[in-house]
Each structure stands twice: as C-alpha cells, then as structure tokens.
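Here the sequence shown stands for residues 1 to 276, where the numbers follow full-length UniProt numbering.
All C-beta atoms in this analysis are idealised placements derived from N, C-alpha and C, irrespective of residue type, glycine included.
As the structure is a prediction and not an experimental result, all values here were calculated from the model.
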Amino acid sequence: MSERTTRPGKYADEDQAIARLREALKQRFPMPEPKPRKKRVGVTAAGLLSLALLGTLVWVDPAYRSEHYRTQVGERQTLDLSDGSQVTLDGASELGVSWHLFSRRTELLGGQALFEVAPRVYRPFLVEAGEASIRVVGTRFNVDRQAGEVRVSVAEGRVAVKAGAADRELAPGQQVRLGNGQSGAVTAVDAGGVGAWRSGQLVFERTPLSEVLAVIQRYQDKPVRLQDARLGTLPVSGVFDSAHVERLLALLPSILPVQLNTGAEGAVLISPRGKK
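Listed below in structure tokens is the structure:
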C-alpha cells in the first residue's frame, strides 16, 4: 500500500479569485450610466439590474476552480484542500473537486473516500456520488461507491443525504445504502470504525462476499472471480490488514464453504467447496 499527500495550491487568496470573477462580470454586464433628467429611474433600473445579477449568481453558483484526482490500485492519497478540509482517497478511486462562489462541491466518480470537512456556514460542502447527493457544513463521514451502490457512513457531525425524492439526515454511528434496489433505510454502524481503512484496517461485519471481493480489488491487480454468483451473498466478518489482502483470500476456505483455484494469468477463482 503506497501513500501520498497532495496539497493543492493554498488559495488563501480565494477572495481574490472571487474578486476577479466579480470584475469580469462587471465588464460583461456594465452598469448603465444614470441620465441627468431621469436620475431616479436610472438608479432604480441600476438597482434592479444589480439584484437580477446577484440572483443569477446565486442560482448559477459558478465555479472558479476545479481539480481532479485518481488513485491507482493499492495506493492511498490524502488531499489537503485549500479551505482546511481533508479528503482521503482509497485505492482505485476517483474524485472531482470544484470551488464555487457559494458552495464547495466534490463528485466521487468511483471507489471510496473519507471526508473531514472544515465548517463554513456560508459555503456548504456538497458530495455527489451516483444518485446520492450529500450536503454538510462541518463533519467527518465516509462515502463508498461500488457496483451501482453508494454507502454513506457518519463518524462525526450530521449529514443530509438526498436520493430522488428521499431525504435522510444521518447522525454519528448511522449509515445509509442507496442504489441497486436498496431501500435507503438508515442502519447503525460503529462510529469509531468509520474510515478505519485509512489506517490499513478492513472491517467487515456480515459483509456479503461479493462486496469483500470488490474491496480486495482496490488493493491488488490480480483479478478475483466468483464461479457461482450465489456465493456472493455469503457473510464475512472480521478485521483484516489491507496491506496483505492475499491472506484474507487464503483464509476464505476456512471460514466459508468455498475453495480457491488459480485461473488464467494468475486469477483467483472462488467456487463452492467440493466442486471440480
């Protein structure tokens, strides 16, 4: 497992970036000069135009900077964002970050990320992940996106999650699953274990084998395949070392009714025990 920390340029001069955008808007939409004979009308028109422009800015909330990050298999990357927030990407994960006048936005395109959001009441932090939209002010939470499903778990603070017409507000120690036919029901989790993968621990509690294998693939290039889809529902529990996922694979036949074989190009094939 390789690790690296990325510190994007510290935009302590974010106000300068906003000021530049404001000046560009002024040049594009110059304020009309008031006419002497119709001074009151001119002032009123200018005021209405200013309100219209402000309303447009609030509605559009334009971005003035964007960034994109991707980790390789077996790599972990910590991003120190310019607003004081921190995002840690798990292996084989991808994240987009954009800075707007009135919000901070990210999109988890795949994989897993742990967010530690610095409080900014005037500029909420938004996370998009598949059909889920997550809104926070200051908190610590984990988002896991894989195989059409999004799982949001909260360690600290409160998180608002929206998917379609459904709204959920999560407190510490709560989790919600969305997509893939999930009901979106809120369930309990160990708040202290949220994001344990960042310290190299893979924590499973009756986790379906198919999900466990998806996690393993974030840490090794060698493919792992189920020879029988029904095996994917078998539950796995325990705490394992992400630096040695091969040990977890080797352990599977002792805790589940499965056997391991080697396929083409070293692929690990998992089939029902006793099947030839």
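Check                                                                                                                                     : Outcome
Same chain, Cβ closer than 6 angstroms to residue 210, neighbours up to 5 away in sequence not counted                                    : 232
Proximity to residue 173 [Cα-Cα], best of 184, 250, 190                                                                                   : 190
Proximity of residue 222 and residue 193 at Cβ, strictly below 8 angstroms                                                                : no
Nearest-angstrom beta carbon gap, residue 161 and residue 132 [assumed within contact, 8 angstroms]                                       : 6 angstroms
Beta-carbon proximity list for residue 269, same chain, < 6 angstroms, skipping 5 on both sides                                           : 225, 227, 261, 263
Short Cβ contact (8 angstroms threshold) for residue 182 with residue 74                                                                  : no
C-alpha gap between residue 85 and residue 254, whole angstroms                                                                           : 42 angstroms
Cut-off 7 angstroms between Cβ atoms - residues of its own chain near residue 331, not counting five sequence neighbours on either side   : Beyond the ends of the chain as shown, which are 1 and 276, falls residue 331; an answer cannot be given.
CB-CB length for residue 205 against residue 242, believed under 8 angstroms                                                              : Their Cβ separation, rounded to whole angstroms, is 16 angstroms, which puts residue 205 and residue 242 out of contact at 8 angstroms.
Segments of 3+ residues assigned as beta strand (DSSP E) that fall wholly inside the region 100-186                                       : 104-116, 125-129, 132-136, 140-146, 149-156, 159-163, 166-170, 174-178
Rounded separation between residue 67 and residue 97 - CA only                                                                            : 5 angstroms
Between the CA atoms of residue 134 and residue 69 - distance to the nearest angstrom                                                     : 19 angstroms
Residues of its chain near residue 179, where Cβ-Cβ distance is below 7 angstroms and the 5 sequence neighbours each way are ignored      : 130, 131, 148, 149, 150
Residue 2 versus 81, 213, 259, 90, residue with shortest Cα-Cα distance                                                                   : 90
Cut-off 6 angstroms between Cβ atoms - residues of its own chain near residue 245, not counting five sequence neighbours on either side   : 216, 219, 220
C-beta atoms of residue 88 and residue 198 nearer than 8 angstroms                                                                        : yes
CA-to-CA distance, residue 123 to residue 103, given in whole angstroms                                                                   : 4 angstroms
Span of the alpha helix (DSSP H), counted from its first residue to its last, around residue 243                                          : Note, residue 243: premise wrong, no alpha helix (DSSP H); not H, not E.
Beta-carbon contacts of residue 54 that lie in its chain and below 7 angstroms, excluding the five residues immediately before and after  : Because residue 54 carries a pLDDT of 42, less than 50, the predicted location of this residue cannot be relied on, and the following value inherits that uncertainty. Answer for residue 54: no residue qualifies.
Identity of the residue in 127, 62, 82, 112 nearest residue 93 by Cα                                                                      : 112
Where residue 260 sits in the DSSP three-state scheme                                                                                     : strand
Three-state secondary structure (DSSP) of residue 200                                                                                     : coil
Beta-carbon contacts of residue 109 that lie in its chain and below 6 angstroms, excluding the five residues immediately before and after : 94
Sheet register partners of residue 278 (DSSP bridge)                                                                                      : The requested residue 278 is not part of the displayed model; the chain covers only 1 to 276.
Limits of the unbroken beta strand (DSSP E) element including residue 271                                                                 : 268-272
Residues that residue 208 bridges to, as DSSP identifies them                                                                             : 235
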